[in-house]
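Protein chains: 2
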Amino acid sequence: MDMPDGTTVGEAGERAVLARVFAALGGSSRAEVGPGDDAAVLAAPGGRVVVSTDTLVHGPDFRLAWSSGFDLGFKAAAVNLADIAAMGARPTALFVALALPDDTAIAFVEDLAAGLRAACEDLAPGCAVEGGDLTASDTLTLAVTAVGVLDGAAVLRSGARAGDIVAVAGQLGAAARGLAVLFDRFRDAQGHPVAVDAGILSDTERADLAAQLRPRPPIALGPVAAVSGATALMDVSDGLLLDATRMADASGVTIDLRPGLDDDALRGGDCALRGGEDHALLACFPPAAALPEGFREIGRVVPRGLHGGASVTIAGAPATGQLGWDPHRDWDAGRG
Amino acid sequence: MDMPDGTTVGEAGERAVLARVFAALGGSSRAEVGPGDDAAVLAAPGGRVVVSTDTLVHGPDFRLAWSSGFDLGFKAAAVNLADIAAMGARPTALFVALALPDDTAIAFVEDLAAGLRAACEDLAPGCAVEGGDLTASDTLTLAVTAVGVLDGAAVLRSGARAGDIVAVAGQLGAAARGLAVLFDRFRDAQGHPVAVDAGILSDTERADLAAQLRPRPPIALGPVAAVSGATALMDVSDGLLLDATRMADASGVTIDLRPGLDDDALRGGDCALRGGEDHALLACFPPAAALPEGFREIGRVVPRGLHGGASVTIAGAPATGQLGWDPHRDWDAGRG
Numbered sequence: 000m001d002m003p004d005g006t007t008v009g010e011a012g013e014r015a016v017l018a019r020v021f022a023a024l025g026g027s028s029r030a031e032v033g034p035g036d037d038a039a040v041l042a043a044p045g046g047r048v049v050v051s052t053d054t055l056v057h058g059p060d061f062r063l064a065w066s067s068g069f070d071l072g073f074k075a076a077a078v079n080l081a082d083i084a085a086m087g088a089r090p091t092a093l094f095v096a097l098a099l100p101d102d103t104a105i106a107f108v109e110d111l112a113a114g115l116r117a118a119c120e121d122l123a124p125g126c127a128v129e130g131g132d133l134t135a136s137d138t139l140t141l142a143v144t145a146v147g148v149l150d151g152a153a154v155l156r157s158g159a160r161a162g163d164i165v166a167v168a169g170q171l172g173a174a175a176r177g178l179a180v181l182f183d184r185f186r187d188a189q190g191h192p193v194a195v196d197a198g199i200l201s202d203t204e205r206a207d208l209a210a211q212l213r214p215r216p217p218i219a220l221g222p223v224a225a226v227s228g229a230t231a232l233m234d235v236s237d238g239l240l241l242d243a244t245r246m247a248d249a250s251g252v253t254i255d256l257r258p259g260l261d262d263d264a265l266r267g268g269d270c271a272l273r274g275g276e277d278h279a280l281l282a283c284f285p286p287a288a289a290l291p292e293g294f295r296e297i298g299r300v301v302p303r304g305l306h307g308g309a310s311v312t313i314a315g316a317p318a319t320g321q322l323g324w325d326p327h328r329d330w331d332a333g334r335g
Numbered sequence: 000m001d002m003p004d005g006t007t008v009g010e011a012g013e014r015a016v017l018a019r020v021f022a023a024l025g026g027s028s029r030a031e032v033g034p035g036d037d038a039a040v041l042a043a044p045g046g047r048v049v050v051s052t053d054t055l056v057h058g059p060d061f062r063l064a065w066s067s068g069f070d071l072g073f074k075a076a077a078v079n080l081a082d083i084a085a086m087g088a089r090p091t092a093l094f095v096a097l098a099l100p101d102d103t104a105i106a107f108v109e110d111l112a113a114g115l116r117a118a119c120e121d122l123a124p125g126c127a128v129e130g131g132d133l134t135a136s137d138t139l140t141l142a143v144t145a146v147g148v149l150d151g152a153a154v155l156r157s158g159a160r161a162g163d164i165v166a167v168a169g170q171l172g173a174a175a176r177g178l179a180v181l182f183d184r185f186r187d188a189q190g191h192p193v194a195v196d197a198g199i200l201s202d203t204e205r206a207d208l209a210a211q212l213r214p215r216p217p218i219a220l221g222p223v224a225a226v227s228g229a230t231a232l233m234d235v236s237d238g239l240l241l242d243a244t245r246m247a248d249a250s251g252v253t254i255d256l257r258p259g260l261d262d263d264a265l266r267g268g269d270c271a272l273r274g275g276e277d278h279a280l281l282a283c284f285p286p287a288a289a290l291p292e293g294f295r296e297i298g299r300v301v302p303r304g305l306h307g308g309a310s311v312t313i314a315g316a317p318a319t320g321q322l323g324w325d326p327h328r329d330w331d332a333g334r335g
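Chains as they are written, first to last, in numbering that gives the first Met the number 0: chain A, 0 to 335; chain B, 0 to 335.
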């Protein structure tokens, strides 16, 4: 269907928007029954599936001045794929509930669908958008549900045992530094977001910005950790100290981070320790395990009580201060 | 945690809200791994799962002046359970992405969780909320994803064959009549929604209102239709004529509705034929089949072309006019 540039969702109507979305997804469905019926039918070869859901809302989670449709689709897919990987599972399908203001440009929605597809192809080959829902809303919202399959047992956050090696795969701190770039460099005098001009940024700043806008968590390493005997696994969405605290509490142990152990993981300072949105994988492996490629050691699990009962310590000293990421604070409580 | 009456989500914070939600869900999880880790792990005994997602947005889909939190949770569950039943599957899990304005009362959210739980218990025993997500938004939004399992083959909307019996289970028209009650009786002079006073309504109006606010689709009859040999199956969410058109087009046949055949299904007039939101099940069965209890015959499948190539006919005459439900029109395009 021919539509002039700038046609909006409200002008085009649901059927035309869906046609564009399906075209942008490019027939990538691999399900037994894909989009178009009341529900999708997915294979679950091991007799189990893993399911998670996560939402991005305009204001608290992203700003259109900073994120393109492609960025938004890519990030929405990536953060959901990470939750599946964090169980040791392989993602197989995404379901995307899209609530759009009537004045949203159709081109934006196509771009968003292209971003969803690209994230699946780049980060989780074999996974595709297999269903979704389109509704009208005053607030642009993407609720994505991801489904995956397990080749072995699920790896929970509660399985860490004293003596285990603590390891991480993926970036720590880059997404938080990228957010700082946005807040520091791309707001006007009133504090409102303005369009990003990547030309004024250094290479490092551009890389950090990409980590914020189009994060690339190490999805394939989730199942790798599982088959390599990981005892605990989760994704670092809210900051290393905060998520390590959750793992330690769920497991009834203390996680002792050792900054000297790793060149990359802990030298980034506060962003690496407390910054959110990287979706790195935090894993524990038995003491004698050889770490799978892509993981680097950042500490050890010790018995709870060894360091005064703290959940997380850094070289034996309890972690203090704001441990992690709070979207209400760090994304600026205003919803502009 | 003690909180004064009227405490809002913004005042209480995510952790306190989630604690209340889990309490209201009452430990109903039946999954291998339920809420609390990165993702849930669900059994898929037949090696396949069925997945669907559907969103309710304040304004286009509901109004808080008319729906309680319980109503909203019940309806969000019911419409998603219906999509699973419409594949011939048994629902096993719901995932609920909840985006809430900061000024939402915690009591409302608890009530919503109780509604989700009640719908599962009443309509789909064995199904429970197994995960979700809580975010801040200016627009109250519930995106629910439902997962189900198949005991046999999935029943698609594309399987209807000439000669098949067309049958329906569940109400047709009641939800649309209930919406008319809301618009006709519970708006102020400016057209804004005002609180429902059920005391001024007749028994029939009260029943129609309940069908609109807390629909009770015949979820258990989806798997029953499947094992009884249904050739095509879908839920009637947008009106019988419109959804029958979709089934007829997907199957390459004509569905001929025969008003004389059934006392209930077609006598309700325009609401029964064109009203949305009932989530009845529309099914086709082979010519010699005995209809399972709960289904009533409303027509026959005939070859496409017999009645001039129409998708749906009524006693041989093509259906005309607005075939079904359009939430943008029927829920009043304003988002008040």
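Glycine is no exception: its CB is placed at the ideal position from the N, C-alpha and C atoms. None of the values given here were measured: they were computed from a predicted structure.
Are residue i and residue j closer than 7 Å when you measure CB to CB?
| i | j | result |
| --- | --- | --- |
| B:P285 | B:G228 | yes |
| B:G151 | B:A224 | no |
| B:R89 | A:V40 | no |
| A:V50 | B:A38 | yes |
| B:A76 | B:A118 | yes |
| A:R210 | A:G158 | Inspection of the sequence shows that residue 210 of chain A is occupied by Ala rather than by Arg. No, the pair does not count as a contact, with Cβ atoms beyond the cut-off. |
| A:W65 | A:P192 | yes |
| A:G337 | A:P217 | Past the boundaries of the shown model lies residue 337 of chain A; chain A is included only from 0 to 335, so the question cannot be answered. |
| B:D121 | B:G68 | no |
| A:A161 | A:L290 | no |
Report all residues from its chain with a CB closer than 6 Å to the CB of residue i; omit the five preceding and five following residues, and keep chain order.
| i | result |
| --- | --- |
| B:G98 | For the sequence presented, residue 98 of chain B should be read as Ala rather than Gly. T134, S136 and T140, listed in sequence order. |
| B:G172 | G267, C270, A271 and G274 |
| A:A243 | I254 and V311 |
Looking at chain A, is there any beta carbon in it that lies within less than 7 Å of the beta carbon of residue i?
| i | result |
| --- | --- |
| B:D242 | no |
| B:T91 | no |
| B:M2 | no |
| B:I83 | yes |
| B:P34 | no |
| B:A43 | yes |
| B:L281 | no |
| B:G46 | yes |
| B:M246 | no |
| B:P111 | Reading off the sequence shown, one finds Leu at residue 111 of chain B, where the question assumed Pro. No, B:L111 does not count as interfacial toward chain A. |
| B:T140 | yes |
| B:A174 | no |
Going by other Cβ atoms of all chains shown within 10 Å of its Cβ, with 16 needed for buried, is residue i buried or exposed?
| i | result |
| --- | --- |
| A:D132 | buried |
| A:Q321 | exposed |
| A:R336 | Only positions 0 to 335 of chain A appear in the structure, and residue 336 of chain A is not among them; the question remains open. |
| B:I313 | buried |
| B:V189 | Here residue 189 of chain B turns out to be Gln, not Val, going by the sequence shown. Classification of B:Q189: exposed, given that the 10 Å Cβ count is below 16. |
| B:D202 | exposed |
| A:E276 | buried |
| A:G307 | exposed |
Hey, does residue i have any beta-carbon neighbour from chain B nearer than 7 Å?
| i | result |
| --- | --- |
| A:A96 | yes |
| A:S201 | no |
| A:D163 | no |
| A:T7 | no |
| A:D53 | yes |
| A:V40 | yes |
| A:D261 | Annotation note: pLDDT 49 at A:D261 (below 50); position unreliable, coordinate value reported separately. No, because no Cβ of chain B sits closer than 7 Å to the Cβ of A:D261. |
| A:V180 | no |
| A:P252 | A small fix is needed here, since residue 252 of chain A is Val in this sequence, not Pro. It does not: the Cβ of A:V252 has no partner Cβ on chain B nearer than 7 Å. |
| A:T319 | no |
| A:A229 | no |
Could you name the residues that DSSP lists as bridge partners for residue i?
| i | result |
| --- | --- |
| A:D53 | A:V143 |
| B:C283 | B:V165 and B:A231 |
| A:I313 | A:L256 and A:A316 |
| B:V300 | B:I254 |
| A:L208 | DSSP output for A:L208 lists no bridge partner at all. |
Output needed for residue i: all residues of its chain with C-beta closer than 7 Å, excluding positions within five of it in sequence on either side, in chain order.
| i | result |
| --- | --- |
| A:A30 | A39, V40, L41, A92 and E129 |
| A:A43 | V148 |
| A:A316 | none |
| B:V16 | V8, I105, V108 and L133 |
Compare the C-beta of residue i with all C-beta atoms of chain E and state if any pair is closer than 7 Å.
| i | result |
| --- | --- |
| B:M86 | Chain labels in this structure do not include chain E; the protein chains are A and B. |
To which residues of the same chain is residue i closer than 8 Å at the C-beta, ignoring the five residues directly before and after it?
| i | result |
| --- | --- |
| A:R186 | P192 and V193 |
| B:G12 | none |
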